[in-house]
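Residue numbers (the working numbering): 3 to 138.
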């Protein structure tokens, strides 16, 4: 049983309650640019602390691209969320990859880090490319 006060205290850790911060990141690949607003979470702050990064972006399945990070992110305060939608920037907990979604998806092992601003159509370009990720 959860007490009413405890339920409200937990809302800050529920990914469905995440709010964008003023922290933005830029992903550049294949002469294309994506901008994402990060949420206020330990995992998103950990990602921001790693920037800038020069890695590789590649196709994965039919709804996303992935970027393999050099190390796993902090997973404190993460939990399942049920309002998945294209444009989400997520983290695959089991593999330690960024997942950039451009189509519908559902997966329990994700942490949502933020959302893309101004569209995510660049993710539909098939292929593998060097990607530069930096805080703006």
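Beta carbons: idealized from backbone N, C-alpha and C, even for Gly.
DSSP, read as helix, strand or coil, puts residue 114 in strand. For the set 104, 62 and 33, the Cα lying nearest the Cα of residue 117 is the one of 104. Residue range 55 to 62 is occupied by the beta strand (DSSP E) that includes residue 61. Distance from the CA of residue 126 to the CA of residue 33, rounded to the nearest whole angstrom, comes to 14 Å.
Under the DSSP assignment, residue 24 falls in the beta strand (DSSP E) whose first and last residues are 22 to 31. If you draw a straight line from the Cα of residue 136 to the Cα of residue 55, it comes to about 7 Å. Taking the Cα positions, residue 31 is about 18 Å away from residue 50. Residue 108 and residue 88 have their C-alpha atoms some 11 Å from each other. Within its own chain, the residues whose Cβ lies closer than 8 Å to the Cβ of residue 72, once the five positions on either side in sequence are excluded, are 52, 55 and 57, listed in chain order.
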